[in-house]
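Undergrad: Sending over a structure as structure tokens; questions will come in a sec.
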Amino acid sequence: MKRLLHETDEWLRGRIRMCIWKGWKKVRPKVANLIRCGINKYQTYEWGNNRKGYWRIAASPILTRAIDNNKLRSAGYATLMGSYLEWHPK
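Under our numbering, residues 42 to 131 are what the sequence shown spells out, in order.
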């Protein structure tokens with residue numbers, strides 16, 4: 042069960058990152074939001090003008106560095122593994 046929840050968590054985090062990237066829509070908001078996430082300016086211009094698809098960007102180092110798991114957790118996104126461990130502690 043733990044492996045299934047871990048894999049599902051990974052997929053969900055990717056999906057959340059994809060939705061965030063899709064919500065930024067244009068290049069200018071993407072660059073501004075990447076700067077807010079702590080990425081340096083040169084890389085934000087390079088990454089903000091990327092033409093790859095949303096799902097491919099969500100799995101790339103671009104969003105995994107900008108929106109890491111700790112930021113998602115602090116934003117209020119729960120994890121399935123965390124809930125499982127609350128219900129069934131070792």
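All residues carry an ideal CB built from backbone N, CA and C; glycine is no exception.
This one's a predicted model, so the numbers in the text were calculated from it and none came from an experiment.
With DSSP run on the structure shown, which of helix, strand or coil describes S115?
TA: If DSSP states are grouped into helix, strand and coil, S115 belongs with the helices.
Undergrad: Quick check: the stretch 109-122 against the stretch 94-101, are at least 3 beta-carbon pairs closer than 8 Å?
TA: As far as the Cβ criterion goes, the stretch 94-101 does not touch the stretch 109-122, which means the pair count is below three.
Undergrad: DSSP three-state call for P38: helix, strand or coil?
TA: Outside the shown range of the chain, which is 42 to 131, sits residue 38, and nothing can be said about it.
Undergrad: Sorted by chain position, which residues of the same chain lie with C-beta nearer than 7 Å to Q84's C-beta, five sequence neighbours on each side aside?
TA: Cβ neighbours of Q84 beyond the five flanking positions: none.
Undergrad: Specify, as a first and last residue, the run of the alpha helix (DSSP H) that M59 falls within.
TA: Taken as a continuous stretch (DSSP letters only), the alpha helix (DSSP H) holding M59 covers K43 to W65.
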